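Enquirer: A single structure is presented below for examination.
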Amino acid sequence: MIKSAEFVMSNSEVAKCPKNNLPEYAFIGRSNVGKSSLINMLTNHKNLAKTSGRPGKTQLINHFLINKNWFLVDLPGYGYARVSKSSKKQFQRFIPDYFQERQQLVLAFVLVDIRHEAQKIDLEFMEYMGENGIPFSIIFTKADKLKPKAIERNVAAYLQELLKTWEETPQYFVTSSSSAIGRDEVLNEIERTNRQ
Ligand code: GTP
Ligand code: MG
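Following the numbering used here, the numbering of the sequence shown begins with 18 at its first residue and continues without gaps.
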């Protein structure tokens, strides 16, 4: 259960992120997929993480301290042309740095919009996570935009796509930040892995 949530700091360098070794959980995915909104939904705070209808809102690594003993981390989106033209893979430099250097990262959540077919950039990012041995789960966002049948169909199609390259599909969650679908499931997973 989340009893307290507070913004700690924003950084463009991984080296400047909190050094206290508390466990952390990061949210990553394409710009506008709903990373910051999901953090607000999970913590029950309207404006803890800054959100926007325009992609590219989150530009830095943002640490939020939860219950005074673990972090949720909001990251910039990838795949947004204006901020990522110079980077071949369209990832800002500090995103791979973050995942490679943060030993205290327990689990990353890779967010994908439930309305869309699997996108190359997301599949590539998951491949990158796999190759680097960084544990991740998938979060399908914006489930309020689809009817239950379509949710089922899209999730099944996405998993099918993953099975072309993965032996097993990663754990996944279906969420909506506007209707709090999936909130308990994601928080339970955090609690479960946090205790190990
Ligand atoms: P960047 O910081 O730019 O990478 O974006 P982000 O992934 O943090 O997305 P953000 O949370 O700012 O949300 C982007 C837009 O999607 C906003 O207009 C949100 O209101 C909307 N949105 C986010 N989650 C949901 C959801 O579950 N349902 C609906 N309907 N809209 C959502
Ligand atoms: Mg954001």
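Heads up, the beta-carbon is just placed ideally off N, CA and C, and yes, glycines get one too.
Note that the structure is predicted; figures quoted are calculated from it, not measured.
If I follow the unbroken beta strand (DSSP E) through S154, where does it start and stop?
Expert: Bounds of the beta strand (DSSP E) holding S154 are 153-158.
Enquirer: Whole beta strand (DSSP E) runs in the stretch 46-133 with 3 or more residues, listed along the chain?
Expert: 78-83, 87-91, 122-130
Enquirer: Alpha carbon to alpha carbon, what distance is there between V123 and L92?
Expert: 15 Å
Enquirer: Does the Cβ of M58 have 16 or more other Cβ atoms within 10 Å, making it buried, or fewer, making it exposed?
Expert: buried
Enquirer: Following a CB-centred definition, is P40 positioned closer than 6 Å to any heavy atom of the ligand GTP?
Expert: no
Enquirer: Could you tell me if the beta carbon of S53 falls within a distance shorter than 6 Å of some heavy atom in the ligand GTP?
Expert: Indeed, a heavy atom of the ligand GTP lies less than 6 Å from the Cβ.
Enquirer: According to the Cβ coordinates, are I19 and I83 closer than 7 Å?
Expert: yes
Enquirer: Mind checking D130: buried by the 16 CB within 10 Å criterion, or exposed?
Expert: Note on D130: 16 or more other CB atoms within 10 angstroms of its CB, so buried under the neighbour-count rule.
Enquirer: Check M18 in the structure and name its three-state DSSP category.
Expert: coil
Enquirer: Check whether the Cβ atoms of N28 and L77 sit closer than 7 Å, and answer yes or no.
Expert: At a Cβ-Cβ threshold of 7 Å, N28 and L77 count as neighbours.
Enquirer: Check this for me: beta carbons of A160 and S195, under 7 Å apart or not?
Expert: no
Enquirer: Suppose the cutoff is 6 Å on Cβ atoms and the five residues either side in sequence are ignored; what does the same chain contact list for G199 look like?
Expert: F190, V191, T192
Enquirer: Examine the ligand GTP and report whether any of its heavy atoms sits within less than 6 Å of the Cβ of V50.
Expert: Checking every heavy atom of the ligand GTP against the Cβ of V50, one is found closer than 6 Å.
Enquirer: I'd like to know if the stretch 160-176 and the stretch 53-68 are in contact, where contact means that at least 3 CB-CB pairs between them fall below 8 Å.
Expert: no
Enquirer: Candidates S54, T60, L140: which alpha carbon is nearest S21's?
Expert: T60
Enquirer: Looking only at its chain, what residues have a beta carbon closer than 6 Å to the beta carbon of A174, apart from the 5 residues adjacent to it on each side?
Expert: Taking C-beta separations shorter than 6 Å and ignoring five residues to either side along the sequence, A174 has no partners in its chain.
Enquirer: Please work out which residues of its chain come closer than 6 Å, Cβ to Cβ, to N79, disregarding the five sequence neighbours upstream and downstream, and give them in chain order.
Expert: S27, D91
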